[in-house]
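Protein chains in written order, with our numbering: chain A, 782 to 923; chain B, 6 to 578.
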């Protein structure tokens with residue numbers, strides 16, 4: 782059950798060309814979304830190493846968001862397809878390792894979709910509030 | 006071994022853009038406590054000369070070897086701050102930015118939580134900065150030539166400027182003539198200048214210019230390479246394909262005219278006397294407005310057909326319809342002094358030199374303007390008035406008087422707007438050119454970089470970027486040409502330094518990087534059986550670094566150590 786006043790922490794890895802720029806557009810358009818997301822800028826969603834996803838989850842982040850270009854739009858031709866395959870496999874492995882794979886979201890947000898970025902963060906924050914804190918957070922707490 | 010990190014952190018107020026939502030002093034105090042930070046300051050505008058001077062002074066006096074600027078998006082001012090660092094001898098890749106404006110102060114209202122978030126973003130970037138390595142800036146040569154896509158007025162003007170500057174230009178036009186949409190017009194507003202006189206000499210100059218190769222019936226079907234060195238594949242209708250080398254590309258593909266069939270209530274296609282403004286241009290050019298041998302007694306214009314209309318998906322203003330309607334109504338008054346000329350409008354927007362004056366003149370000449378939306382046009386059933394069978398009735402609401410409109414007309418002109426071309430999707434995909442939600446190509450910054458795109462070396466001109474009139478189109482075409490001339494005249498362009506590198510000691514020579522790279526940058530060295538990455542071909546996507554099973558490849562400036570340090574700062578309590 783969700784705790785009262787629980788504010789989830791989301792670590793987001795966004796590709797420079799689409800989703801990071803979309804997040805900037807959300808800013809220039811002054812679209813409001815919950816301040817629960819911490820963005821780390823990467824050049825491509827295809828460069829998201831499995832450790833980038835697993836480490837925050839093991840360290841107690843409540844969610845990990847990977848944002849890339851829509852299929853067909855990757856600045857590097859196929860990085861988002863690589864990300865898609867990798868994240869599917871990773872979520873499967875995470876599940877077997879006892880991690881909550883539902884906390885990992887891969888979403889396509891283009892440079893012109895500021896609204897979609899804001900909606901994604903809002904939806905993910907709501908989802909994680911409902912789901913409650915990452916159990917790993919308590920496991921590590923002394 | 007590199008000496009210990011000495012990091013300077015600079016928190017920008019951006020006037021009130023950041024400071025109103027984020028407690029910048031508190032963030033600066035917090036940053037001072039982070040590992041490796043020796044100076045932490047906040048300042049009104051870091052990007053101003055004194056702001057940059059502050060950083061430069063600290064680098065020199067305090068011996069900083071890393072700098073973190075927390076301000077706007079790095080997409081905005083990273084080059085500014087990197088340049089400032091470089092001026093005083095700090096390697097520009099030893100500077101990193103925390104985005105606390107677009108991704109924090111502008112999207113949150115809760116000051117406490119926004120401040121908390123800003124602190125964490127700064128901590129995360131400081132953790133990365135401690136691990137930043139200096140990188141070498143590199144340049145490659147530029148192919149002296151350009152490709153201009155679209156032979157309308159924008160494409161022709163841009164091509165001429167490039168050609169006059171001495172560079173060979175391929176002008177690629179899909180149709181079998183030059184001039185584009187402007188060639189379909191009769192006279193221009195507000196001067197009533199003949200289009201033939203405007204366009205004729207321009208087409209003539211383009212066709213006879215020794216530096217311009219005009220390729221009609223042709224389309225771009227492939228693009229490889231990058232700024233300075235594009236390889237553009239051009240195919241014509243005979244399926245013959247040619248590849249041209251080009252240093253820059255200008256996109257000037259124009260627009261589609263809104264198809265009024267999509268508003269069936271207006272009766273276009275159903276009633277022969279309901280025509281589009283482009284068809285009206287044709288009739289005005291012929292100087293004949295008669296219908297079935299009768300001169301129309303009442304001519305009505307309906308504005309904003311397909312513009313400012315969420316129902317058809319076009320919320321924007323097409324920017325030219327008010328003025329061309331004023332022009333056409335003007336011409337009707339001259340051709341048919343006896344006829345009643347009425348314009349139905351939502352708002353009249355007459356910006357531009359001489360435009361408002363021209364609109365006033367049209368009204369002074371007897372053109373009547375009625376504020377109101379026409380919701381329906383149907384055949385006039387009343388036969389007691391002359392020409393009854395041909396007349397149509399315009400139904401709607403006069404929003405000024407608050408009365409219904411029930412207006413009879415012999416000729417109705419629909420002021421159709423502009424739309425992004427349906428056929429530019431291919432080009433958008435080929436070039437990875439983003440488009441805005443209205444479908445037009447997206448400039449990188451609406452105010453400061455209006456002709457640049459997300460793809461370096463590709464520039465926008467004319468209505469492919471959004472609706473505009475001829476003066477604005479020509480101004481943008483000249484701006485695109487001037488921007489394209491920067492790499493062409495310099496002769497070299499910087500290439501990214503953030504490339505992937507192989508640690509040969511770790512490399513097992515499995516070749517997975519070779520398979521995964523879309524650019525053919527890695528190759529196996531047959532003598533040592535290790536991978537080597539060609540830094541000129543590498544675009545820095547990092548696919549190889551993630552794929553490498555031996556972790557022998559690092560993407561510089563985005564190494565896994567640096568990224569995981571960022572993660573640690575965010576979640577490692």
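All residues carry an ideal CB built from backbone N, CA and C; glycine is no exception.
Quick caveat, the model's predicted, so the values are computed rather than measured.
Exercise. Unbroken alpha helix (DSSP H) runs of length 4 or more, entirely within the segment 142-172 of chain B: which are they?
Worked result: Correct list: 158-169.
Exercise. Which partner residues does residue 224 of chain B have in the DSSP bridge list?
Worked result: For residue 224 of chain B, which the question treats as bridged, DSSP gives the partners B:240.
Problem set entry | Contact belief for residue 890 of chain A with residue 848 of chain A at Cβ below 8 Å, rounded distance in angstroms | That belief holds up - the Cβ atoms of residue 890 of chain A and residue 848 of chain A are roughly 5 Å apart, short of 8 Å.
Exercise. What is the DSSP secondary structure of residue 16 of chain B, reduced to helix, strand or coil?
Worked result: It is a strand residue.
Exercise. Closest to residue 281 of chain B by CA distance: which of B:450, B:245, B:418 and B:272 is it?
Worked result: The closest CA to that of residue 281 of chain B, considering only B:450, B:245, B:418 and B:272, is found on B:418.
Exercise. Taking 8 Å as the CB-CB limit, is residue 802 of chain A close to chain B?
Worked result: Between residue 802 of chain A and chain B, the shortest Cβ-Cβ separation is below 8 Å.
Exercise. Whose C-alpha, out of B:450, B:37, B:119 and B:183, is nearest the C-alpha of residue 819 of chain A?
Worked result: Selected option, being the one with the closest Cα: B:119.
Exercise. Within 8 Å (strictly less), CB to CB, does residue 890 of chain A reach chain B?
Worked result: Under the Cβ distance rule, residue 890 of chain A does not count among the residues neighbouring chain B, no pair being separated by less than 8 Å.
Problem set entry | For residue 80 of chain B and residue 111 of chain B, the rounded distance between their alpha carbons | One alpha carbon belongs to residue 111 of chain B, the other to residue 80 of chain B, and they sit about 16 Å apart.
Exercise. Between the Cα of residue 397 of chain B and the Cα atoms of B:296, B:374, B:373 and B:315, which residue gives the shortest distance?
Worked result: When each option's Cα is compared against that of residue 397 of chain B, the closest is B:296.
Exercise. Which term fits residue 247 of chain B, buried or exposed, when burial requires 16 or more other beta carbons within 10 angstroms of its beta carbon?
Worked result: Flag for residue 247 of chain B reads exposed.
For this session: Could you tell me the distance, in whole angstroms, from the CA atom of residue 146 of chain B to the CA atom of residue 491 of chain B?
Result: Distance between residue 146 of chain B and residue 491 of chain B, taken at the CA atoms: about 13 Å.
Problem set entry | Interfacial residues, the segment 105-127 of chain B to chain A, with Cβ spacing under 9 Å | The segment 105-127 of chain B vs chain A, Cβ under 9 Å: 106, 107, 108, 109, 110, 111, 112, 113, 114, 115, 118, 119, 121, 122, 125 and 126.
Exercise. Can at least three beta-carbon pairs, one atom from the segment 46-59 of chain B and one from the segment 10-23 of chain B, be found at a separation below 8 Å?
Worked result: These segments touch.
Problem set entry | Chain-ordered neighbours of residue 546 of chain B on chain A, where CB pairs are closer than 7 Å | Under a criterion of Cβ atoms nearer than 7 Å, the residues of chain A adjacent to residue 546 of chain B are, in order, 824, 825, 827, 828, 857 and 860.
Exercise. Are any of the Cβ atoms in chain A nearer than 8 Å to that of residue 41 of chain B?
Worked result: With 8 Å as the cut-off, residue 41 of chain B does not count as an interface residue toward chain A.
Exercise. Enumerated in chain order, which unbroken segments of the alpha helix (DSSP H) with a length of 4 residues or greater are wholly contained in the segment 511-574 of chain B?
Worked result: If we require 4 residues or more, the alpha helix (DSSP H) runs fully inside the segment 511-574 of chain B come out as 517-521 and 548-552.
Problem set entry | Classification of residue 232 of chain B by the beta-carbon crowding that lies within 10 angstroms, buried from 16 upward | By the neighbour-count criterion, in which 16 or more other beta carbons inside 10 Å mark a residue as buried, residue 232 of chain B falls on the buried side.
Problem set entry | Beta-carbon proximity list for residue 429 of chain B, same chain, < 6 Å, skipping 5 on both sides | 258, listed in sequence order.
Exercise. Using the C-alpha atoms, what's the distance from residue 338 of chain B back to residue 217 of chain B?
Worked result: Taking the straight line from one Cα to the other gives about 42 Å.
Exercise. Can you tell me whether DSSP reads residue 459 of chain B as helix, strand or coil?
Worked result: If DSSP states are grouped into helix, strand and coil, residue 459 of chain B belongs with coil.
For this session: Decide if residue 335 of chain B is buried, meaning its Cβ has at least 16 other Cβ atoms within 10 Å, or exposed.
Result: Classified as buried, residue 335 of chain B has 16 or more neighbouring CB atoms from the shown chains inside 10 Å of its CB.
Exercise. Along chain B, which residues have their Cβ under 7 Å away from the Cβ of residue 881 of chain A?
Worked result: Contacts between residue 881 of chain A and chain B, judged by CB atoms closer than 7 Å, are missing: the closest CB pair is about 15 Å apart.
For this session: Assuming residue 401 of chain B contacts residue 377 of chain B (C-beta within less than 8 Å), just tell me the rounded distance between them.
Result: Yes, residue 401 of chain B and residue 377 of chain B are in contact; Cβ-Cβ is about 5 Å, under 8 Å.
Exercise. Can you find a C-beta in chain B that's less than 8 Å from the C-beta of residue 907 of chain A?
Worked result: Residue 907 of chain A does not count as touching chain B.
Exercise. Using DSSP with H/G/I as helix, E/B as strand and the rest coil, what is residue 861 of chain A?
Worked result: The answer is helix: DSSP assigns residue 861 of chain A an H, G or I state.
Exercise. Which residues, in chain order, does the segment 411-439 of chain B contribute to contact with chain A at a C-beta distance below 8 Å?
Worked result: Listed by position, the residues of the segment 411-439 of chain B near chain A (Cβ gap below 8 Å) are 434, 437 and 439.
Exercise. Near residue 360 of chain B, what residues of its chain come up, given a Cβ to Cβ distance below 6 Å and the 5 sequence neighbours on each side ignored?
Worked result: Within the same chain, residue 360 of chain B has close Cβ partners 195 and 328.
Exercise. Is residue 558 of chain B closer than 8 Å to residue 546 of chain B when the C-beta atoms are compared?
Worked result: In this structure, residue 546 of chain B lies away from residue 558 of chain B, with their beta-carbon atoms at least 8 Å apart.
For this session: Output the distance between the C-alpha atoms of residue 473 of chain B and residue 466 of chain B, rounded to the nearest integer angstrom.
Result: When rounded, the distance between both Cα atoms is 10 Å.
Problem set entry | Contact list for the segment 552-572 of chain B against chain A, Cβ threshold 7 Å | Those would be 560, 563, 565, 568, 569, 571 and 572, in chain order.
Exercise. Residue 308 of chain B and residue 348 of chain B: beta carbons closer than 8 Å?
Worked result: Contact: yes.
Problem set entry | Among B:159, B:87 and B:494, the one whose alpha carbon lies nearest that of residue 140 of chain B | Looking from the CA of residue 140 of chain B, the closest CA among B:159, B:87 and B:494 belongs to B:87.
Problem set entry | Sub-8 Å separation of residue 796 of chain A and residue 854 of chain A beta-carbons | No, the pair does not count as a contact, with Cβ atoms beyond the cut-off.
Problem set entry | Proximity test, Cβ basis, 8 Å: residue 871 of chain A and chain B | Interface annotation, residue 871 of chain A: not in contact with chain B, CB-CB separation never under 8 Å.
Exercise. What residues in the segment 441-469 of chain B have a beta carbon less than 7 Å from any beta carbon of chain A?
Worked result: Listed by position along the chain: 441, 442, 447 and 459.
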